[in-house]
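So for the sequence shown, this note's numbering puts the first residue at 8; every next one is plus one. Yeah, the Cβ is synthetic: ideal placement off N, Cα and C, and Gly gets one too. Report on one structure; see the data block that follows.
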Amino acid sequence: MFFNGFLISAQKKMQQHRGSGSLYCGVTVIGVLLLVVLRLLPGSPFGVYAMGEEWNYHERNGIHIKCSFFDTVNLTGYPSFPNGSYNYEGVIIPSHYVGTFDYIYKDLVDRIDVTPHVRGCICKLKPCINICCPWGQIYNYTECQKDTNTKQKWPEPLINVTLNNGSVQSVNIYEQFVVQSFRPCTEMFSLVPEVNSYDTFQLYENGTLFREDDQHYIFKNEFCLVPTSINDTDLYYTINPANCDMFHENTTVKIINGFAMLFSIPFMLLTIAVYLLIPELRNQHGKSLVCYLVGLTVGYSLLCCLLLVEGIDPLSLSCKMFGYTTYFFFMSAFFWLNVISFDLWHNFRGTRGINRFQEKKRFLLYSLYSWGLALMFLIFTILAQEYTEWPDYLKPGIGGGQFCWLDMTNWSAMFYFFGPIMAIIVANTVMFVMTAIKIHSVQREMARIIAREDSTRNLRTEKDK
């Protein structure tokens with residue numbers, strides 16, 4: 008009798024969760040697929056190809072790479088200290104920012120294998136800036152060559168920089184920045200505000216360029232400084248930035264990613280509305296699913312804004328608010344997904360029903376778990392970004408001067424976001440497998456009982472004859 012009662016209870020639970028479970032599974036599969044696709048899309052701001060070469064931080068065969076090649080300088084011949092640090096033109100590079108590279112890049116494109124040599128991640132310590140060619144040389148559309156122009160002279164290496172307090176100051180390039188010589192692309196155009204009013208720009212003291220015409224922030228690997236001839240009568244060149252095509256290379260991919268997420272939002276809102284309007288769906292499972300979809304919808308909406316809205320200052324408070332709020336809702340969504348998986352597993356392994364009071368109490372505990380853990384992760388992330396002296400590669404990067412979302416150019420995103428999500432997905436998978444095994448065993452036992460009852464009924468029929 009007890010086992011029969013359990014089978015009846017399990018059958019009711021299967022019927023209760025059949026409709027919502029199918030929808031949940033569909034939403035889950037779509038969500039995971041979207042996450043994987045967006046994660047793998049080249050150029051995705053939160054994908055593995057976000058910055059190309061910069062993800063290749065690793066150690067192999069004695070080659071120790073601590074950061075992107077484009078954040079380094081060659082330390083060969085520079086003074087070193089017993090603790091492993093180096094002195095590069097007055098900047099002390101600690102040992103944890105010193106690595107061995109067995110390749111170099113010609114400009115930003117062609118990788119060339121070379122003899123292993125020591126390089127330091129100096130751009131983690133002092134702002135870097137690129138000049139298209141070494142000082143005194145010009146770029147002739149294919150390579151750098153010595154300047155043979157006798158009409159104009161090279162000026163002092165001075166440029167106007169916008170400071171953090173908003174004031175503009177003329178600074179010496181070699182004193183304010185670490186000067187590197189990379190070209191972001193083979194075909195560039197110069198911003199010449201002296202000639203074209205729409206070429207106006209601001210160069211910030213962290214090395215970021217703001218192009219005012221399209222309200223676009225350009226980072227150090229996307230432009231370089233070049234001597235510009237304004238008039239033939241000028242005695243000196245003017246130093247201006249040169250960058251690639253106006254539609255920077257990640258714009259198309261960012262727009263595709265943004266609209267792909269934007270396309271899914273109305274369907275999630277429609278699902279939320281259905282579950283809120285139909286009383287039969289407002290059970291424990293339905294409420295949890297609504298909370299999961301709310302977190303996913305808000306997270307996608309805010310991330311769409313970050314992808315599609317131009318001109319958000321990465322140093323502004325609004326940038327940080329966008330990033331931290333997006334992070335909170337994405338984390339809460341995955342914790343609610345964990346709750347749904349646990350609730351399904353718990354329901355199918357139990358034998359007793361749940362009254363309304365117990366259901367409310369359980370939902371309160373689920374809410375404390377999902378929203379509370381997401382809040383704890385958020386607080387830890389804010390503390391790590393705003394109040395620690397950790398190296399940049401250990402910080403989440405939200406509102407750190409280049410990104411409003413997590414910094415996907417180093418492994419910190421794995422620690423703050425993808426690592427916890429992977430752990431949740433593994434736990435969910437285990438619970439789904441256990442639930443499926445339980446359902447299968449119950450179905451087999453039900454089939455045996457039904458077959459036994461049919462056999463008994465047939466025997467009684469034969470006896471009656």
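Rounded distance between the beta-carbons of residue j and residue i, thought under 8 Å
| i | j | result |
| --- | --- | --- |
| ASP117 | TYR110 | In fact, because the Cβ distance is near 10 Å, the residues do not count as touching under 8 Å. |
| CYS139 | CYS192 | 11 Å between Cβ atoms; not a contact. |
| CYS128 | THR79 | 6 Å |
| TYR279 | VAL297 | The residue asked about is misnamed: residue 279 is Ile in this sequence, not Tyr. Yes, they are in contact, since the Cβ atoms of ILE279 and VAL297 sit about 5 Å apart, within 8 Å. |
| ILE262 | CYS411 | About 17 Å; that fails the 8 Å criterion. |
Sub-9 Å separation of residue i and residue j beta-carbons
| i | j | result |
| --- | --- | --- |
| PHE208 | PRO273 | no |
| THR215 | TYR205 | no |
| PHE337 | LEU313 | no |
| THR169 | VAL199 | no |
| PRO134 | VAL185 | yes |
| TYR161 | TYR243 | With the sequence shown as reference, residue 161 is identified as Trp, and Tyr is not the correct amino acid for it. Taking 9 Å as the Cβ cut-off, TRP161 and TYR243 qualify as a contacting pair. |
| ILE246 | ILE180 | yes |
| TYR376 | PHE342 | yes |
| SER295 | VAL346 | yes |
| TYR282 | LEU288 | yes |
| VAL125 | TYR104 | no |
| ASN213 | LEU344 | no |
| SER325 | TRP378 | no |
| ASN137 | LEU210 | no |
| TYR334 | ILE405 | yes |
Coarse secondary structure for residue i, derived from DSSP in three states
| i | result |
| --- | --- |
| PHE196 | strand |
| GLU460 | helix |
| ASN264 | helix |
| ILE485 | Because the chain is modelled from 8 through 472, residue 485 falls outside the range shown and cannot be assessed. |
| CYS298 | helix |
| LEU390 | helix |
| PHE184 | coil |
| PHE208 | strand |
| THR304 | helix |
| LEU372 | helix |
| PRO248 | strand |
| GLU452 | helix |
| CYS135 | strand |
| ILE1 | With the chain represented from 8 up to 472, any question about residue 1 goes unanswered, as that position is not in the structure. |
Selection from the options that minimises the alpha carbon distance to residue i
| i | options | result |
| --- | --- | --- |
| ILE444 | LEU372, ARG464, TRP352 and TYR373 | TRP352 |
| ASP221 | PHE425, MET421, LEU315 and LEU413 | LEU315 |
| PHE230 | ILE262, PHE189, PHE270 and GLU219 | PHE189 |
| THR332 | LYS227, LEU296, ILE246 and THR388 | THR388 |
| PHE354 | PHE266, ILE166 and PHE439 | One detail in the question is off: residue 354 reads as Asn in this sequence, not Phe. Out of PHE266, ILE166 and PHE439, PHE439 has the C-alpha closest to the C-alpha of ASN354. |
| LYS402 | ASN90, HIS124 and LYS131 | LYS131 |
| LEU380 | ARG356, THR395, LYS367 and PHE424 | PHE424 |
Span of the beta strand (DSSP E), counted from its first residue to its last, around residue i
| i | result |
| --- | --- |
| THR155 | Here THR155 belongs to no beta strand (DSSP E), and DSSP marks it neither H nor E. |
| GLY91 | Element bounds for GLY91: n/a, residue is neither H nor E. |
| VAL121 | 117-127 |
| HIS477 | No information on residue 477 is available, as it lies outside the stretch 8 to 472 that the chain covers here. |
Start-to-end residues for the alpha helix (DSSP H) that takes in residue i
| i | result |
| --- | --- |
| SER177 | First-last for SER177: 175-179, but that is the beta strand (DSSP E), not the alpha helix (DSSP H). |
| CYS326 | 324-356 |
Check: residue i C-beta below 8 Å from any heavy atom of the ligand SAM
| i | result |
| --- | --- |
| ALA420 | The ligand SAM is absent from the structure shown, which contains no ligands of any kind. |
Interface flag, residue i vs chain D, CB-CB below 9 Å
| i | result |
| --- | --- |
| LEU303 | Looking at the structure shown, chain D is missing, and only one protein chain is on hand. |
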